[in-house]
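A short write-up of the structure that comes next.
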Amino acid sequence: MNARRSLVGCAVAVAVSVATTHGAAHQGGTTGYASIVIDRETIHYRVTLWPSAAPAPVAEDVKAAFSGDANRRDRLLGVLRDKITLLAQGQRCPPSPTPPGVTAPTVDRLTLAVDFTCPERIRDLLVRDDVFDVFGADYHALARIDAPGHSGQFAFTPDSRETRITLGAAGGGPSLASFLLLGIEHILTGYDHLLFLAALLLGGGRLASLLKIITAFTVAHSVTLALAVLGLVAIPDRLVECVIAGSIVWVALENIFWPQAASRRWLVSFLFGLVHGFGFASALTPLALPARNLAMALLGFNFGVEAGQALVVLGVLPVLVWMRGAAWEPRVVRVASLALGAIGFAWFVERTFF
65 MNARRSLVGC AVAVAVSVAT THGAAHQGGT TGYASIVIDR ETIHYRVTLW PSAAPAPVAE
125 DVKAAFSGDA NRRDRLLGVL RDKITLLAQG QRCPPSPTPP GVTAPTVDRL TLAVDFTCPE
185 RIRDLLVRDD VFDVFGADYH ALARIDAPGH SGQFAFTPDS RETRITLGAA GGGPSLASFL
245 LLGIEHILTG YDHLLFLAAL LLGGGRLASL LKIITAFTVA HSVTLALAVL GLVAIPDRLV
305 ECVIAGSIVW VALENIFWPQ AASRRWLVSF LFGLVHGFGF ASALTPLALP ARNLAMALLG
365 FNFGVEAGQA LVVLGVLPVL VWMRGAAWEP RVVRVASLAL GAIGFAWFVE RTFF
């Protein structure tokens, strides 16, 4: 009996430790979104970052630049000018002497803009991204590349830093597998999604009820993910993030004060799952994918999210089933829910007021 309690207690402690270490949760994660537009001899390079989830080595710079600090802005622009290498027909394209700088920030994201000028009209372009040397190995950039006769996407990572674009050739882009991996990564680093799922399952009742909860969450977020990526529905990111944090608090409070609500937990899972779907979409919408890539991106990314979610559920489900019926189960559920609710409340306050 004591061994059971110790094991569950350790699991809760680990979950809380991981969650509090990554207070920024999922939004953007350590992902930047790059737009590379080729116009004759000029390349317009834009990188979008989230101040609330910036790469750790430059987090303070991103937040300060977002707030209007010109010195921090110039430092970040300097990183792009120094660490982005563009070669047209083998010749280096230097950054323009007067870069555009920072575009007007939206509610929750910062876009850095640098133009590069090549010696002659671009026919063959090599793009190399070494921003990881400054932003850290956990950072990666999803890029959309547009030029006359070419449109594609590429994922820059520490192990995959270069891509080549030949104008006039068929536009390339990532495979279904690359979007699948992006979906897996997004859910496994989406700590707010995971804590919401954990809170749902903690008070979800027996196995049949748990399966109904998981199914409802999956269906709901798949619907709104598709609607958001297709551009049919748009909700401000800040509102989505606040509601996601609030969803953790709501379910945690139900677990503590209204455990009998487990019978309708699938409905709560579905309703909040609709909002979580908009959160998942934040990984794809900044890419502004062309129509021909949307189906592949949606299919691969959603399968990736479901695969990652399944890995998590398969890991915790045996423990939850094992707990059911134990005399100490209600106490464990209350303590764990209190911890999850506190984290969710902290995120809610941060996302609402800061």
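Here the sequence shown is numbered in my numbering, starting from 65 and rising by one per residue. Every residue gets a Cβ at the ideal spot worked out from N, C-alpha and C, and that includes glycine.
- Leaving aside the five residues that flank residue 207 on each side, the residues in its chain whose CB is nearer than 7 Å to its CB run, in chain order, 98, 100, 217, 218, 220.
- Between residue 111 and residue 118, the C-beta spacing is not below 7 Å.
- If you draw a straight line from the Cα of residue 158 to the Cα of residue 315, it comes to about 53 Å.
- The Cβ neighbour count for residue 392, taken over all protein chains shown within 10 Å, is under 16; the residue is labelled exposed.
- Residue 370 and residue 381 have their C-alpha atoms spaced approximately 15 Å apart.
- In chain order, 313 place their CB closer than 6 Å to the CB of residue 409, counting only its own chain and leaving out the 5 sequence neighbours on each side.
- Comparing alpha-carbon positions, the option among 278, 322, 263, 378 lying closest to residue 406 turns out to be 263.
- One thing to note: residue 128 has its Cβ within 7 Å of the Cβ of residue 136.
- Closest option to residue 271, judged by alpha-carbon separation, among 195, 302, 146, 378: 378.
- Straight through space, the alpha carbons of residue 141 and residue 226 are spaced by roughly 20 Å.
- Judged by pairs of C-beta atoms under 8 Å, the stretch 145–155 touches the stretch 180–188, as three or more such pairs exist.
- Between residue 253 and the set 194, 293, 344, 184, the nearest pair of CA atoms involves 344.
- Straight-line spacing of the CA atoms in residue 198 and residue 322 works out to 48 Å.
- Assigned with DSSP and collapsed to three states, residue 132 falls in coil, not helix or strand.
- DSSP lists 211 as the beta-bridge partner residues of residue 214.
- Contact between residue 349 and residue 293 holds: their C-beta atoms lie close to 6 Å from each other, under 8 Å.
- Of all alpha-carbon atoms in 132, 205, 242, 309, the one lying nearest the alpha-carbon of residue 366 is that of 242.
- Residue pairing by DSSP places residue 192 opposite 149, 226 in a beta bridge.
- Taken atom to atom, the span from the alpha-carbon of residue 210 to that of residue 203 is near 23 Å.
- Exclusion of the five residues before and after residue 104 leaves 185 as the residues of its chain whose Cβ lies within less than 6 Å of its Cβ.
- Between residue 308 and residue 260, the beta carbon gap of about 7 Å places them in contact (Cβ cut-off 8 Å).
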